[in-house]
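Following: one structure in structure tokens, then a few remarks.
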Amino acid sequence: MLCIYLFQLNSEISILLLQLLQLLLLLLLLLLLLLLLLLLLLLLLLLLLLLLLLLLLLLLLLLLLLLLLLLLLLLLLLLLLLLLLLLLLLLLLLLLLLLLLLLLQLLLLLLLLLLLLLLLLLLLLLLLLLLLLLLLLLLLLLLLLLPPLLLLLLLLLLLLLLLLLLLLLLLLLLLLLLPLLLLLLLLLLLLLLLLLLLLLLLLLLLLLLLLLLLLLLLLLLLLLLLLQLLLLLLLLLLLLLLLLLLLLLLLLLLLLLLLLLLLLQQQLLLLLLLLLLLLLLLLLLLLLLLLLLLLLLLLLLLLLLLLLLLLLLLRTVTTTSTTTTTTTTTTTTTTTTTTTTTATTTFTTTSTTTTT
Numbered sequence: 001m002l003c004i005y006l007f008q009l010n011s012e013i014s015i016l017l018l019q020l021l022q023l024l025l026l027l028l029l030l031l032l033l034l035l036l037l038l039l040l041l042l043l044l045l046l047l048l049l050l051l052l053l054l055l056l057l058l059l060l061l062l063l064l065l066l067l068l069l070l071l072l073l074l075l076l077l078l079l080l081l082l083l084l085l086l087l088l089l090l091l092l093l094l095l096l097l098l099l100l101l102l103l104l105q106l107l108l109l110l111l112l113l114l115l116l117l118l119l120l121l122l123l124l125l126l127l128l129l130l131l132l133l134l135l136l137l138l139l140l141l142l143l144l145l146l147p148p149l150l151l152l153l154l155l156l157l158l159l160l161l162l163l164l165l166l167l168l169l170l171l172l173l174l175l176l177l178l179p180l181l182l183l184l185l186l187l188l189l190l191l192l193l194l195l196l197l198l199l200l201l202l203l204l205l206l207l208l209l210l211l212l213l214l215l216l217l218l219l220l221l222l223l224l225l226l227l228q229l230l231l232l233l234l235l236l237l238l239l240l241l242l243l244l245l246l247l248l249l250l251l252l253l254l255l256l257l258l259l260l261l262l263l264l265q266q267q268l269l270l271l272l273l274l275l276l277l278l279l280l281l282l283l284l285l286l287l288l289l290l291l292l293l294l295l296l297l298l299l300l301l302l303l304l305l306l307l308l309l310l311l312l313l314l315r316t317v318t319t320t321s322t323t324t325t326t327t328t329t330t331t332t333t334t335t336t337t338t339t340t341t342t343a344t345t346t347f348t349t350t351s352t353t354t355t356t
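Residue 1 is where the sequence shown starts when you use UniProt numbering, and the numbers rise one by one after that.
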């Protein structure tokens with residue numbers, strides 16, 4: 001009987017020990033679950049902080065994008081204004097070149113008139129020489145026929161007449177040459193003024209070209225800034241993807257904990273885990289929204305880069321067209337100068353034929 005009793009005591013003691021061990025294991029499991037829950041809460045807090053930081057970064061990026069858009073619009077307006085000014089200056093240059101050509105033609109005409117006057121004077125001098133020869137012949141005849149006193153009187157009269165003729169010729173030359181010389185001086189002054197205006201316009205064109213180069217440099221800087229923003233957005237996308245992966249891992253851990261708690265049948269911890277799951281789902285939704293916003297920002301930045309590249313291409317095309325127009329104007333001026341030279345050569349040939 002004692003043995004039986006001892007055996008029963010021993011069995012009961014062993015059962016009690018086993019129950020104590022089970023209780024200890026349960027307590028350990030509960031402690032581990034509580035620690036896991038605390039870790040999950042800490043991770044959730046960290047994730048929330050990261051999300052807030054990402055939201056702040058997104059807001060800053062949006063502000064930067066708006067500022068860049070405003071700068072782009074201002075640069076576009078400045079480019080348009082500079083292009084208009086360049087076109088106006090090119091028109092003024094063409095007009096001044098036309099005026100210069102007209103003044104050169106007038107100078108050539110005046111030179112032609114001077115040559116004609118010189119030819120007339122030479123003809124008059126030839127006539128005077130012929131008259132002198134005739135007078136000398138008459139004097140010789142009179143010397144042979146008249147007495148000496150009368151001859152002296154006649155010689156004096158002839159000398160007076162010759163002097164009077166020379167004075168009249170000089171007066172005519174002065175009257176004809178003075179207005180022509182005045183016109184030449186006026187035309188030369190006008191040419192100088194036009195040359196000064198051309199120099200001023202060329203300086204203005206150079207200044208405008210420098211401004212256009214500065215604007216192009218600013219556009220390139222904006223392109224670089226947009227590229228930097230694209231890189232930052234890509235980094236943010238990578239961070240958001242990492243956060244999504246972390247949240248998925250947390251969800252898996254919470255599901256495992258739920259299964260364990262269901263196995264252990266503890267309701268308070270189940271409620272806590274359900275709340276954590278809801279929070280994680282909300283965070284996932286927020287992260288998805290942030291990803292969508294980042295994708296939209298990337299698309300906007302790509303569109304801006306394309307617009308800037310198109311503007312640079314249009315600017316290069318306009319500069320090439322302006323250079324071609326300037327070359328065409330130079331060719332037209334060369335053709336007009338060649339026509340004026342041919343006209344002067346034809347006039348010189350006609351004057352030589354008249355002199356012969």
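For each residue, glycine too, the CB sits at the ideal point set by N, CA and C.
Inter-residue Cα distance where the pair is residue i and residue j
i           : j           : result
residue 38  : residue 16  : 33 Å
residue 210 : residue 82  : 11 Å
residue 393 : residue 102 : The structure shown does not extend to residue 393, since the chain spans only 1 to 356, so no value can be given for it.
residue 89  : residue 213 : 17 Å
residue 243 : residue 65  : 25 Å
residue 20  : residue 34  : 21 Å
residue 334 : residue 206 : Per-residue confidence for residue 334 stands at a pLDDT of 42, beneath the threshold of 50, marking its modelled position as unreliable; no derived number is given.
residue 192 : residue 166 : 38 Å
residue 13  : residue 4   : 14 Å
residue 9   : residue 28  : 28 Å
residue 183 : residue 141 : 49 Å
residue 84  : residue 200 : 18 Å
residue 162 : residue 189 : 40 Å
residue 245 : residue 226 : 29 Å
residue 153 : residue 138 : 14 Å
residue 11  : residue 24  : 20 Å
residue 73  : residue 238 : 31 Å
residue 249 : residue 22  : 30 Å
residue 26  : residue 51  : 37 Å
residue 56  : residue 94  : 57 Å
residue 157 : residue 185 : 42 Å
8 Å Cβ cutoff, residue i in contact with chain C
i          : result
residue 38 : Given the protein chain composition of this structure (a single chain), no chain C is represented.
Cβ distance (whole Å) where residue i is taken to contact residue j below 8 Å
i           : j           : result
residue 194 : residue 92  : Their Cβ separation, rounded to whole angstroms, is 11 Å, which puts residue 194 and residue 92 out of contact at 8 Å.
residue 236 : residue 54  : 6 Å
residue 113 : residue 180 : 6 Å
residue 215 : residue 79  : 6 Å
Check whether residue i and residue j have beta carbons under 8 Å apart
i           : j           : result
residue 218 : residue 68  : no
residue 61  : residue 233 : yes
residue 187 : residue 106 : yes
residue 117 : residue 176 : yes
residue 169 : residue 136 : no
residue 96  : residue 198 : yes
residue 222 : residue 71  : yes
residue 86  : residue 208 : yes
Buried or exposed (CB count within 10 angstroms, at least 16 for buried), residue i
i           : result
residue 203 : exposed
residue 31  : exposed
residue 247 : buried
residue 256 : exposed
residue 228 : exposed
residue 47  : buried
Given residue i as reference, the closest of the options once Cα atoms are compared
i           : options       : result
residue 240 : 49, 160, 28   : 49
residue 164 : 128, 136, 153 : 128
residue 251 : 44, 2, 25     : 44
residue 173 : 158, 220, 120 : 120
Near the ligand FMN: residue i beta-carbon under 7 Å from a heavy atom
i          : result
residue 78 : You won't find the ligand FMN in this model; it holds no ligand whatsoever.
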